[in-house]
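Below is one structure, written out as C-alpha cells; comments come after it.
There are 2 protein chains.
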Amino acid sequence: MNTQQTAEGAARPAGRPRSEKAERSIIEATLDLLGEGIGVSELSIESIASRAGVGKTTIYRRWSNKEDLVVDALATLKPPIPLPQGGTVRDDLVTYLRVIQEETRHLRTRCIMNIAMSDSERHPRLAERFRELAVEPRRAVVAAVLRRGMDTGELRADLDVDMALALLSGAMVWLTKWSDGHSPADLPERIVDEALKGFRPRPAE
Amino acid sequence: MNTQQTAEGAARPAGRPRSEKAERSIIEATLDLLGEGIGVSELSIESIASRAGVGKTTIYRRWSNKEDLVVDALATLKPPIPLPQGGTVRDDLVTYLRVIQEETRHLRTRCIMNIAMSDSERHPRLAERFRELAVEPRRAVVAAVLRRGMDTGELRADLDVDMALALLSGAMVWLTKWSDGHSPADLPERIVDEALKGFRPRPAE
DNA sequence: CGATTATGAAACGGTGCCGTTGCGTATCGG
DNA sequence: CCGATACGCAACGGCACCGTTTCATAATCG
Chain A
1 MNTQQTAEGA ARPAGRPRSE KAERSIIEAT LDLLGEGIGV SELSIESIAS
51 RAGVGKTTIY RRWSNKEDLV VDALATLKPP IPLPQGGTVR DDLVTYLRVI
101 QEETRHLRTR CIMNIAMSDS ERHPRLAERF RELAVEPRRA VVAAVLRRGM
151 DTGELRADLD VDMALALLSG AMVWLTKWSD GHSPADLPER IVDEALKGFR
201 PRPAE
Chain B
1 MNTQQTAEGA ARPAGRPRSE KAERSIIEAT LDLLGEGIGV SELSIESIAS
51 RAGVGKTTIY RRWSNKEDLV VDALATLKPP IPLPQGGTVR DDLVTYLRVI
101 QEETRHLRTR CIMNIAMSDS ERHPRLAERF RELAVEPRRA VVAAVLRRGM
151 DTGELRADLD VDMALALLSG AMVWLTKWSD GHSPADLPER IVDEALKGFR
201 PRPAE
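The listed protein sequences correspond, in order, to chains A and B.
Per full-length UniProt numbering, the very first residue in the first sequence carries number 1; after that it's consecutive.
Per full-length UniProt numbering, the very first residue in the second sequence carries number 1; after that it's consecutive.
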C-alpha cells in the first residue's frame with residue numbers, strides 16, 4: 001500500500017508528478033485566447049503554450065488533440081446562476097435576463113458563447129459540453145421559477161415552460177445580437193413584461 | 001464615343017474583358033465552402049480557386065482580401081421573403097417562422113447564418129452586410145404585419161413591435177439551436193400562439 | 001544515492017496557405 | 001495583324017503551425 005494515495009488502488013507512478021500549476025495555466029491560457037475572439041480553428045497549440053509559459057510537450061502529454069483541451073477548458077467554467085429566487089416570478093425572470101445581459105457585456109463570456117453557439121456543426125462535442133455545463137443548469141432553475149408561478153396562479157396553469165423559456169432567452173439574445181452591441185438597461189424588464197402580457201389585447205382586466 | 005458602353009464616360013479599357021462566368025463561379029464556390037461548414041478563417045483562397053476551377057490570380061485581381069470576397073458573396077444572397085401576407089396576423093407570423101425553420105434545415109443556410117452570427121466580433125463588416133441583406137428586410141415585412149394587426153385590433157394597440165419580433169424570432173432560433181437539431185413541425189404555431197396569449201392567466205375571455 | 005518521470009526550450013521535417021511572378025494562350029479594341 | 005488585358009496553371013520564397021524528438025534540469029520515489 002502507498003501512504004500517499006487517497007483511496008483507490010491506483011498506485012502513484014514513480015518519478016516526478018505532473019505539475020497541477022502547469023495544467024491550470026494551460027487551461028487558463030486557452031480560455032484567455034478564446035475570450036479574446038480567437039476561434040477554435042485558429043487556436044494553435046503553440047500559442048497556448050507560449051501564453052501559458054509552458055512547453056508544447058507538456059500540453060501534448062495531457063491532451064491528444066485540441067478539441068479535448070477545449071472541452072476540458074469549458075468544463076472549468078462554473079455554472080454561475082446567482083438566482084436569489086426570492087421575490088415575485090417577474091422579478092426572478094428579470095434577474096435571469098439581467099445575468100445574460102451582464103455576461104454579454106464581457107468580451108470573454110461573449111466570445112465563448114459565440115464559440116459554443118456557432119461551432120455546434122464542426123465541434124458537436126464542444127456544443128454538447130457547453131449545453132450541459134452552462135445552458136441546462138440555468139434552464140432547470142428558471143423552469144422551477146416558472147412552475148412556481150403556475151402553482152401560485154401568477155402564471156397560466158397551462159403555460160408551456162420550455163416555450164416560455166425560449167421566448168425570454170431567445171428575445172434577450174436576439175435583441176443583444178442585432179442591436180448595435182449594447183442593449184438598454186431596462187431591456188430585461190421590457191422583455192419580461194411583454195412576454196407576460198402577450199400580444200393580444202386583454203379583454204377586461 | 002464608344003458604341004459598346006451603356007452610358008457613362010468610363011471608356012472600356014483595352015484588352016480582354018474580365019470573365020463574368022469566372023466571377024460567378026468564384027462567388028458560388030465561396031458560398032459552397034461556407035455552406036459546407038468551413039469558417040471564414042479556415043477558408044483559403046486556394047481552396048476557393050480549386051473549387052471554382054480558376055487560377056488564384058483571377059481571384060486576387062478582383063478582391064484584395066478574403067473578407068471583401070466573402071462580403072460580395074453574401075451580397076448575392078437574395079432576401080427571400082415569400083410572405084403572402086394574406087390571412088390573419090397569426091397565419092402570417094406562423095408563415096414567417098416556418099421560413100426560418102425551413103432554412104435551418106438546409107446545411108448551407110444554417111452554416112452561413114452561423115457565420116454571420118458568430119463572426120460579428122472578428123468580422124464586423126460581414127455581420128453588418130448580413131444584417132442589411134437578410135435580417136433587416138424581413139424585419140420590415142413582419143413589422144408591417146404586426147402593425148396591421150394593431151390597426152385591426154387583432155393585437156394590442158400599444159404592442160412593442162421590435163420586442164414582439166425579438167420574442168418570436170428569438171424563440172424560434174433558440175429552440176432550433178438547443179433542441180437536438182431538428183424541431184417539430186408544429187413549432188411555429190406553438191411559438192406564435194404562446195406569444196399571442198402571454199404568460200399570465202386571462203381573467204375572462 | 002539511483003531510478004524514474006515531468007518540465008521548458010529548442011530544433012526537427014512536413015504541410016498548407018500566403019501573395020507574387022512567369023508562362024503560354026485566349027479575347028477584346030483598333 | 002497588333003497591343004493590351006485576362007485567363008488557367010505552375011512554381012516561387014516565406015511563414016505559421018503541426019506533432020515529434022532531443023536535451024539538460026527538476027522533482028519524487030525507494
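A virtual CB, placed ideally from N, CA and C, is assigned to each residue, including glycine.
A quick note: this is a predicted structure, and the numbers were derived from the prediction, not measured.
Along chain B, in chain order, which residues have C-beta atoms closer than 9 Å to that of Phe130 of chain A?
-> In chain B, no part has a C-beta under 9 Å from the C-beta of Phe130 of chain A; the shortest such distance is about 10 Å.
Endpoints, the alpha helix (DSSP H) within which Arg98 of chain A is located = Counting along the chain, Arg98 of chain A sits inside the alpha helix (DSSP H) bounded by residues 89-105.
Pull up the CB-CB distance for Gly39 of chain B and Gly39 of chain A, whole angstroms please, since I reckon it's below 8 Å.
-> 6 Å
Check the Cβ of Trp178 of chain B against every Cβ in chain A and list those closer than 7 Å, keeping chain order.
-> Per Cβ cutoff of 7 Å: Arg131, Val135.
Please confirm whether Ala144 of chain B and Gly170 of chain A have their CB atoms less than 7 Å apart.
-> No; because the gap between Cβ atoms is not below 7 Å, this pair is not in contact.
Test: Ala195 of chain B CB closer than 7 Å to a CB of chain A = It does: the Cβ of Ala195 of chain B has a partner Cβ on chain A nearer than 7 Å.
Those runs of the alpha helix (DSSP H) which lie wholly inside the region 12-70 of chain B and span at least 4 residues | Whole alpha helix (DSSP H) segments, 4+ residues: 20-35, 45-52, 56-62.
Interface residues of chain A facing Ala164 of chain B [CB-CB closer than 8 Å] = Glu194, Phe199
Tell me whether residue 215 of chain A sits in a helix, a strand or coil according to DSSP, three-state version.
-> Here chain A covers residues 1 to 205 and nothing more, so residue 215 of chain A does not appear.
Residue-chain proximity (Asn65 of chain B, chain A), Cβ-Cβ < 7 Å = no
Taking only the alpha-carbon atoms, compute the straight-line gap between Thr3 of chain A and Arg18 of chain A and give it to the nearest angstrom.
-> Here Thr3 of chain A scores only 40 on pLDDT, less than 50, and its place in the model should not be relied on; the value that follows carries that caveat. Rounded to the nearest whole angstrom, the CA to CA distance from Thr3 of chain A to Arg18 of chain A is 18 Å.
Taking the alpha carbon of Leu77 of chain A as the point to measure from, which residue in A:Arg129, A:Arg139, A:Val192, A:Asp186 has its own alpha carbon closest?
-> A:Arg129
When you compare each of A:Leu168, A:Gly53, A:Leu83 to Pro137 of chain A by their alpha carbons, which one comes out closest?
-> A:Leu83
Do we get a CB-CB distance below 7 Å when we pair Ser169 of chain A with the residues of chain B?
-> For Ser169 of chain A, at least one C-beta of chain B is nearer than 7 Å to its own C-beta.
Assign Ala157 of chain A to one of three DSSP states: helix, strand, or coil.
-> Under the three-state reduction of DSSP output, Ala157 of chain A falls in the coil class, being neither helix nor strand.
Residues near Arg61 of chain B by beta carbon distance below 7 Å, same chain, minus five either side = Result list for Arg61 of chain B: empty, nothing under 7 Å.
Taking Ser47 of chain B as the reference, which of B:Ile26, B:Trp63, B:Asn65 has the closest Cα?
-> The residue with the shortest Cα to Cα distance from Ser47 of chain B is B:Ile26.
Distance between Leu146 of chain B and Asp91 of chain B (C-alpha atoms, nearest Å) | 11 Å
Taking only beta-carbon positions, decide if Arg122 of chain A is within less than 7 Å of chain B.
-> Yes, its Cβ sits closer than 7 Å to a Cβ of chain B.
Proximity to residue 209 of chain A [Cα-Cα], best of A:Ile100, A:Ala140, A:Leu126, A:Arg139 | Residue 209 of chain A is absent from the model: chain A starts at 1 and stops at 205.
Please name the residue, chosen from B:Leu159, B:Asp186, B:Val71, B:Ala157, that lies closest to Ala116 of chain B on a Cα-to-Cα basis.
-> B:Val71
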